[in-house]
């Protein structure tokens with residue numbers, strides 16, 4: 008099995024001529040013989056076959072265009088020997104998971120950079136658990152300079168063929184996020200991996216809210232393959248909004264009224280690993296004017312809770328969140344509003360197509376309208392995973408399936424509403440209440456009919472900047488105050504996201520601060 012990195016006096020270094028165009032390489036001659044029948048029959052042709060020490064034993068190793076496979080070399084045994092078959096079990100590593108390859112040399116004080124060649128080290132990512140990747144290494148030990156040089160060049164050629172991998176990234180780092188540990192996390196954990204993968208970076212540390220937005224409006228991004236945000240949900244949402252505004256400006260589209268926005272020109276990176284995933288984005292507008300782009304929004308309890316929390320910025324994030332939730336529950340009041348939405352005809356017949364965002368989700372072009380007293384209205388284009396909702400605030404949606412989840416909590420008693428909130432943290436269905444309704448939609452219009460925002464007496468107004476007769480919205484954890492109807496429209500796959508090398512990337516996390 009692949010071995011984790013360990014401390015020793017052995018280092019992995021680049022070969023002296025790895026930048027040259029590698030020669031065409033075929034399988035090694037007679038000493039390694041012809042590939043087994045199972046490799047001859049596959050559509051993935053064999054490029055190299057040789058012998059390396061992996062772990063503590065010699066292995067027969069085969070390299071193809073898509074995978075590296077190996078199995079222990081053992082003396083011939085009688086056919087049908089079950090224990091022998093287990094010992095010879097084949098292991099493999101998909102090449103798309105490899106992000107760097109180095110020559111492995113023995114270090115010494117006299118030759119720190121050019122010690123004795125030991126073999127090749129592969130750096131790759133493994134799926135540690137759901138939605139998490141772990142970097143690891145695999146050592147291919149062989150003392151032959153010529154043998155290792157042939158394999159090293161072939162690995163470099165294959166990795167260079169992954170054209171969608173970034174070579175230069177613009178990094179935006181919010182030092183206040185992750186309990187003010189974002190800077191340490193980046194420089195100690197992220198930057199070394201980027202350097203190992205040969206990715207050039209340009210880092211800007213943001214100094215205030217809105218800094219990333221103003222920076223991306225004006226800075227020169229030519230020459231970058233993507234923008235990486237190191238921060239929380241607010242930082243990610245701000246960068247997405249900035250990238251999309253920049254794209255509209257470049258296309259000559261007026262941002263006051265956007266009917267069909269163009270895609271962002273650069274992908275957004277969280278921790279780049281070579282795989283690009285498209286993501287659905289929402290536009291928020293009022294009276295024909297664009298307010299912002301985002302992924303999720305809450306109106307009612309979610310918006311008022313965030314507005315209260317903003318008044319107590321001097322508290323720690325967890326303290327002000329808990330305080331605001333308790334205060335909002337104590338003064339729980341419904342919003343009198345009218346909600347119009349355009350439902351989608353979503354086929355449930357093919358779960359795989361649905362997960363890939365390729366399902367048939369055409370609008371029926373018939374707007375539906377409901378009105379009444381609502382405690383909370385959630386509109387989610389992504390699952391919105393967070394600490395208080397491990398399965399997501401909208402667990403039935405995906406990041407690019409071309410639809411939004413509209414979740415409505417009608418007026419009910421305070422104990423019943425609290426039961427509904429607590430269900431988000433459990434395995435029980437949080438929507439299995441008579442006052443909760445869910446819809447799959449493409450557009451939503453929320454029109455408040457109250458004359459005030461429902462925040463209570465003057466001393467309980469969220470903060471000094473509260474607009475008169477405005478209503479608070481929680482958009483990706485940011486407060487947005489609007490005095491009239493808000494129109495939320497989904498734009499499928501409007502931006503790309505650098506994610507892990509997994510088949511599904513359903514964990515794009517926007518922590519909503521209202522719960």
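Residue numbers (the numbering used here): 8 to 522.
No residue lacks a Cβ here, since even glycine has one placed at the ideal position from N, Cα and C.
Suppose contacts are defined by Cβ-Cβ distances below 8 Å. Is residue i in contact with residue j by that definition?
i, j, result
"residue 351", "residue 447", "yes"
"residue 484", "residue 383", "no"
"residue 286", "residue 504", "yes"
"residue 234", "residue 250", "yes"
"residue 387", "residue 400", "yes"
"residue 129", "residue 108", "yes"
"residue 457", "residue 342", "yes"
"residue 299", "residue 479", "no"
"residue 303", "residue 389", "yes"
"residue 502", "residue 258", "no"
"residue 454", "residue 345", "yes"
"residue 349", "residue 450", "yes"
"residue 133", "residue 177", "no"
"residue 347", "residue 452", "yes"
"residue 262", "residue 492", "no"
Over the uninterrupted beta strand (DSSP E) stretch that includes residue i, give me the two end residues.
i, result
"residue 482", "478-482"
"residue 208", "207-212"
"residue 225", "Unbroken run through residue 225 is the alpha helix (DSSP H), 218-225; no beta strand (DSSP E)."
"residue 407", "From DSSP, residue 407 is part of no beta strand (DSSP E); its letter is neither H nor E."
"residue 455", "443-455"
"residue 380", "375-387"
"residue 108", "105-113"
"residue 139", "139-148"
"residue 64", "64-71"
"residue 524", "As shown, the chain starts at 8 and ends at 522. That puts residue 524 outside it, with no answer to give."
"residue 235", "233-237"
"residue 524", "What is shown of the chain runs 8 to 522, which leaves residue 524 out entirely."
Whole angstroms are fine: how far does the CA of residue j sit from the CA of residue i?
i, j, result
"residue 525", "residue 248", "The first residue shown for the chain is 8 and the last is 522, placing residue 525 beyond what the model contains."
"residue 530", "residue 125", "Any question about residue 530 goes unanswered here, given that the chain covers just 8 to 522."
"residue 289", "residue 333", "30 Å"
"residue 204", "residue 143", "13 Å"
"residue 72", "residue 329", "53 Å"
"residue 74", "residue 482", "43 Å"
"residue 155", "residue 127", "7 Å"
"residue 163", "residue 65", "23 Å"
"residue 63", "residue 112", "18 Å"
"residue 141", "residue 56", "28 Å"
"residue 97", "residue 274", "37 Å"
"residue 256", "residue 494", "21 Å"
"residue 53", "residue 165", "13 Å"
"residue 122", "residue 225", "48 Å"
"residue 267", "residue 498", "8 Å"
"residue 323", "residue 243", "20 Å"
"residue 239", "residue 215", "14 Å"
"residue 486", "residue 420", "26 Å"
To which residues of the same chain is residue i closer than 8 Å at the C-beta, ignoring the five residues directly before and after it?
i, result
"residue 45", "Model confidence at residue 45 stands at a pLDDT of 48, short of 50, so the residue's coordinates are unreliable and nothing is read from them."
"residue 182", "189, 190, 212, 213"
Within 10 Å of its beta-carbon, does residue i have 16 or more other beta-carbons around it, so buried, or fewer, so exposed?
i, result
"residue 338", "exposed"
"residue 70", "buried"
"residue 376", "exposed"
"residue 232", "buried"
"residue 101", "exposed"
"residue 409", "buried"
"residue 199", "exposed"
"residue 496", "buried"
"residue 167", "exposed"
"residue 525", "For the chain, the structure presents residues 8 to 522; residue 525 sits outside this window and is missing."
"residue 530", "Nothing can be reported for residue 530, as the shown portion of the chain is limited to 8 through 522."
"residue 320", "exposed"
"residue 525", "It is not possible to answer for residue 525, since the shown part of the chain is limited to 8 through 522."
Tell me which residue opens and which closes the alpha helix (DSSP H) that residue i is part of.
i, result
"residue 164", "152-167"
"residue 82", "No alpha helix (DSSP H) contains residue 82, which DSSP labels as neither H nor E."
"residue 198", "198-203"
"residue 312", "308-317"
"residue 52", "Neither: residue 52 is in no alpha helix (DSSP H) and is coded neither H nor E."
"residue 429", "421-430"
"residue 395", "Element bounds for residue 395: n/a, residue is neither H nor E."
"residue 330", "324-337"
"residue 240", "240-257"
"residue 192", "189-192"
Looking only at its own chain, which residues have a Cβ that is under 6 Å from the Cβ of residue i, when we skip the five neighbours before and after it?
i, result
"residue 193", "180, 237"
"residue 60", "148"
"residue 245", "219, 220"
Measuring from the CB of residue i, is there a heavy atom of the ligand GTP at a distance below 7 Å?
i, result
"residue 493", "Among the ligands in the structure shown, none appear at all, so the ligand GTP cannot be discussed."
Got a sec? Which residues, its chain only, sit under 7 Å from residue i by beta carbon, not counting five neighbours each side?
i, result
"residue 316", "327, 328, 331, 520"
"residue 416", "381, 382, 383, 424, 427, 442, 443"
"residue 67", "58, 77, 78, 80"
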